[in-house]
Amino acid sequence: DREYTVPMEIINTGSATWEVEGDNPIHFSYRWSDPERKEIIIRDGLRTPLPRKVGPREKVTLEARVRSPSTRGTFMLSYQLVKEGEFWFEDTGVTSLRRIVTVSPVKESKEFSADFLGDYNIGFINNQAKQLSIEVQVAHEGSYRLLIGERWQGTLKTLRVKVDQGEWQSVASGRLEEGL
20 DREYTVPMEI INTGSATWEV EGDNPIHFSY RWSDPERKEI IIRDGLRTPL
70 PRKVGPREKV TLEARVRSPS TRGTFMLSYQ LVKEGEFWFE DTGVTSLRRI
120 VTVSPVKESK EFSADFLGDY NIGFINNQAK QLSIEVQVAH EGSYRLLIGE
170 RWQGTLKTLR VKVDQGEWQS VASGRLEEGL
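In terms of the working numbering, the sequence shown is residues 20 to 199.
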């Protein structure tokens with residue numbers, strides 16, 4: 020299980036103001052379920068406070084905290100609001116944003132050398148409705164211990180990406196300033 024932040028924009032389409040203080044504040048959260056067995060596997064996700072109270076027809080943006088399940092597989096991620104101590108909005112008939120997410124093991128590290136050229140599959144949370152398959156090839160100068168998820172600055176020989184089994188495309192060459 021890993022923790023991620025997901026940018027979200029939320030619009031209050033109801034008639035009541037979403038309060039952020041008091042005994043029963045409204046928080047942004049989520050539930051994970053197994054779509055095959057139709058069973059909730061994480062009922063109470065991490066809470067993300069709303070940045071301010073939100074009136075009817077108002078919207079807010081936030082960086083939602085999400086922790087993935089600890090087991091690999093394909094899951095339904097249901098983003099929801101919860102009024103603490105009272106109810107989850109979806110349980111009262113409010114439609115939640117749902118996404119199918121594949122959770123796979125993370126490669127913690129891999130040793131690279133100057134003559135390295137390899138293929139790696141990368142998993143990520145996709146905010147679009149369609150599922151993508153992304154592969155990346157990296158070759159660089161010198162030796163380097165690359166930790167997946169780490170930003171890397173260095174001299175890059177090649178960086179090629181293939182999306183949905185399309186053609187390999189060169190993305191960058193030379194020195195990476197922003198990191199990989």
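Beta carbons: idealized from backbone N, C-alpha and C, even for Gly.
Beta-bridge analysis with DSSP links residue 106 to 102.
Collapsing the DSSP output to three states places residue 111 in a helix. Taking every protein chain shown into account, the CB of residue 113 has fewer than 16 other CB atoms within 10 angstroms, so this residue is exposed.
Nearest neighbour of residue 62 by Cα position, chosen from 101, 78, 121, turns out to be 101.
Burial is judged here by how many other beta carbons sit within 10 angstroms of a residue's own beta carbon; residue 97 has at least 16 and is buried. For residue 122, the enclosing beta strand (DSSP E) covers residues 116-122. In this chain, residue 35 is not harboured by any beta strand (DSSP E), its DSSP state being neither H nor E.
In this structure, residue 69 and residue 85 do not form a Cβ contact; the two beta carbons are roughly 16 Å apart against a cut-off of 8 Å. Under DSSP, residue 92 shares a beta bridge with 122.
Residue 86 carries a strand assignment under DSSP once its states are collapsed to helix, strand and coil. Annotation for residue 71: no beta strand (DSSP E) segment contains it, and DSSP assigns it neither H nor E. Residue 40 has its alpha-carbon roughly 34 Å from the corresponding atom of residue 57. In the structure shown, residue 44 falls within a coil segment according to DSSP collapsed to helix, strand and coil. A Cβ-Cβ separation of about 19 Å leaves residue 115 out of contact with residue 75 under the 8 Å criterion. Where residue 58 is concerned, the enclosing beta strand (DSSP E) starts and stops at 58-61.
Secondary structure at residue 50: strand, using DSSP grouped into helix, strand and coil.
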